Each structure stands twice: as C-alpha cells, then as structure tokens.
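Asks:
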Amino acid sequence: MAAGFDPSGRLPDVFTNAGTSSFTTFLSKVAPELLPGRRPLPPGMAADLAPHATTIVAIVADGGVVMAGDRRATMGNLIAQRDIEKVHPADAYSLVGIAGTAGIGIELMRLFQVELEHYEKIEGVMLSLDGKANRLAAMIRGNLGAAMQGLAVIPLFAGFDLAAKDPARAGRIFSFDVTGGPYEETGYDAIGSGSLFARSALKKRFRAGLSVDDAARLAVEALYDAADDDTATGGPDLTRRIFPVVMTATAEGTYRLTDAETAALGESVVAGRMENPGG
Numbered sequence: 000m001a002a003g004f005d006p007s008g009r010l011p012d013v014f015t016n017a018g019t020s021s022f023t024t025f026l027s028k029v030a031p032e033l034l035p036g037r038r039p040l041p042p043g044m045a046a047d048l049a050p051h052a053t054t055i056v057a058i059v060a061d062g063g064v065v066m067a068g069d070r071r072a073t074m075g076n077l078i079a080q081r082d083i084e085k086v087h088p089a090d091a092y093s094l095v096g097i098a099g100t101a102g103i104g105i106e107l108m109r110l111f112q113v114e115l116e117h118y119e120k121i122e123g124v125m126l127s128l129d130g131k132a133n134r135l136a137a138m139i140r141g142n143l144g145a146a147m148q149g150l151a152v153i154p155l156f157a158g159f160d161l162a163a164k165d166p167a168r169a170g171r172i173f174s175f176d177v178t179g180g181p182y183e184e185t186g187y188d189a190i191g192s193g194s195l196f197a198r199s200a201l202k203k204r205f206r207a208g209l210s211v212d213d214a215a216r217l218a219v220e221a222l223y224d225a226a227d228d229d230t231a232t233g234g235p236d237l238t239r240r241i242f243p244v245v246m247t248a249t250a251e252g253t254y255r256l257t258d259a260e261t262a263a264l265g266e267s268v269v270a271g272r273m274e275n276p277g278g
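Using numbering that gives the first Met the number 0, read the sequence shown as starting at 0 and increasing by one per residue.
#1: In angstroms with no decimal places, state the Cα-to-Cα distance between SER174 and ARG240.
#2: Out of curiosity, what's the CA-to-CA distance linking ILE103 and LEU150?
#3: In this structure, does DSSP put GLY75 in helix, strand or coil?
#4: What did DSSP end up calling VAL95 once you bin it into helix, strand or coil?
#5: State yes or no: is the C-beta of LEU143 within less than 9 Å of the C-beta of SER93?
#6: Please determine, among GLY277, THR230 and ASP213, the residue with the shortest C-alpha to C-alpha distance to THR73.
#7: Just the C-alpha distance for ALA163 and ALA250, rounded to the nearest angstrom, thanks.
#8: Please state if the CB of VAL59 and the CB of ARG171 are separated by a distance shorter than 9 Å.
#9: Tell me whether the stretch 82-101 and the stretch 244-263 touch, counting them as touching only if at least three CB pairs, one residue from each stretch, are closer than 8 Å.
#10: Please confirm whether GLY141 and THR23 have their CB atoms less than 9 Å apart.
#11: Is GLU183 helix, strand or coil by DSSP?
#12: Do the CB positions of MET66 and ALA218 come within less than 9 Å of each other?
#13: Can you tell me whether PRO31 is buried or exposed, with buried defined as 16 or more other CB within 10 angstroms of its CB?
#14: To the nearest angstrom, report how far apart LEU115 and VAL211 are at their CA atoms.
#15: Between VAL281 and the rest of its own chain, which residues show a CB-CB distance below 8 Å, the 5 nearest in sequence each way excluded?
#16: Is it true that the CB of ALA197 sits closer than 9 Å to the CB of THR54?
#17: Distance, Cα to Cα, ASP69 vs GLU266?
#18: Is MET108 helix, strand or coil by DSSP?
#19: Based on the DSSP output, what are the partners of PHE156 in its beta bridges?
#20: When DSSP labels each residue in this structure, what does GLY265 get in the three-state scheme?
#21: Mind checking THR238: buried by the 16 CB within 10 Å criterion, or exposed?
#22: Would you report the Cα separation of VAL177 and VAL152, rounded to the nearest angstrom?
#23: How many angstroms separate the CA atom of ARG134 from the CA atom of VAL269?
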C-alpha cells in the first residue's frame, strides 16, 4: 500500500479539497520528487550523459505563428537520434519547442501541457498567453539546479493570443533564459545550437505580414541553413524521409503539417539549394 493512503482506498484530503490551479504547485506538495528540478544529482557535470535536442525556430505570420524544429538529437559528437520530435502543442492555441537535455525537456514539456489543462479545469477559463509564458518560466526556474550541472533545458513558446485586438497580429513568441526569465520576441526567434545561423537566415528573409504558408517555408529554410553550419542540427533527410516538424497556431487552433506537407516543403527547399546553395 502506498504511503499516506487510507486503507479504505479513499484518496487523501489533498486530492479532494479545493486547492491551487497550478498542477506544478500541487505536485510540489504531494510528490515533489517527481518534479524534474527536484531530483538529487551526483556532484559534477552531467551534460554528456544524455542526448541533447538542438534547433527550434518560430516566426510570426499574418493571423498566427509558425514553429518548426529539426529532428536530430546529439550526444557529444554522436547522433543519438535522427527523428526526435521537439515541437508540440502546449494547448489548443499555443506551441512549445525544446532545446537542451532531451529527456528533461520532454518531461518539462509534458508537465507544462498538464499545467495548462489543470488550470483550465480548476478555473473554468484558459490562461492568457502571458500567463502561460509566466507559468513556463517558473517551471524552467525550478530546473536551475540541474541546469548548473549541465542538464539545462531552454524552451521556445509561441501562440495565438485570443485577447489580441488585431487578429492579424495575434501571433506572439516568447524566449527564456536558463534562470526562467521570459522575453517576448518581435517577428521571429530561434533557440538551440544552430540558432545563430537560423536567426541570421531569418534576419535576412523575414518580413512583416508573411502568410502562414510562406512562414512555414521560411522556417524550413532557416533550419536548412542551421544544418549547413551546425553539426548538431539535422536538415531534411531525403534518403530516410525525415523532415522537420512544422506546426502552426492560428484562430482555428494548432495544426501540425502532415508528413506529405513537410516532405513537399523539404524537397522544395533542397531543390532550390541545388541551384543556389547560398539561398
């Protein structure tokens, strides 16, 4: 029998009493050892013990936002996985992508999804986009101890702001630092080892008012440029049919481009670079 549970089979009072709308806060009281940042670690650096996820890009489009991530995870100088998925829906109108220690990042992303769903069930309303970014910031801050030992996770958060006065400008992007500081970005952003090259590509090609389709192609092109200069970023793999994960968040909700759609984008970008390698 689990410790703290009534032998009659009833749940403890903490599960049935009205409590916080934050699932993370609830978990910190009931089972704090399950939180990613609460687990004890041996002394020393642990950065090389787990696969690392790499490059994510996000672009504001007319009527929403696009987020895309490459599929490569690395472990030192080795490719740990070729088809990892780093971009996921956070809820019905927002997206989250992870870079850094893959295992902790995936766990944190799933916990964030539960956090938003828990809030909505307890309060009866959806958190604002700013509120979601602040909740994610607090979760990153809770992982600071592990981050100081090399197990850092840096997410990229983006979504469609239902409270925006102008729906055409409702797409918003938030980046974070390792201490949990949230920062709203203008137009586009990128995280991960290839972010320098992806951001440079976006800087040259981004323009306000891009359609969602054009922004999706631009995201794949930026990932291609990142993969061209960063060994930890994987570009479109025509041989294995592995292409970036591309998702959108608009007034209609979140949408993941199908395998056929991302394949068409990837093949088009590669074909264009065959004629003009510099883009």
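Glycine is no exception: its CB is placed at the ideal position from the N, C-alpha and C atoms. Only a predicted model underlies this, so the values are computations on that prediction, with no experimental measurement involved.
Replies: This is what the structure gives:
#1: 30 Å
#2: 8 Å
#3: coil
#4: strand
#5: no
#6: THR230
#7: 11 Å
#8: yes
#9: yes
#10: yes
#11: strand
#12: yes
#13: exposed
#14: 25 Å
#15: As shown, the chain starts at 0 and ends at 278. That puts residue 281 outside it, with no answer to give.
#16: yes
#17: 15 Å
#18: helix
#19: VAL95 and PHE173
#20: helix
#21: exposed
#22: 7 Å
#23: 38 Å
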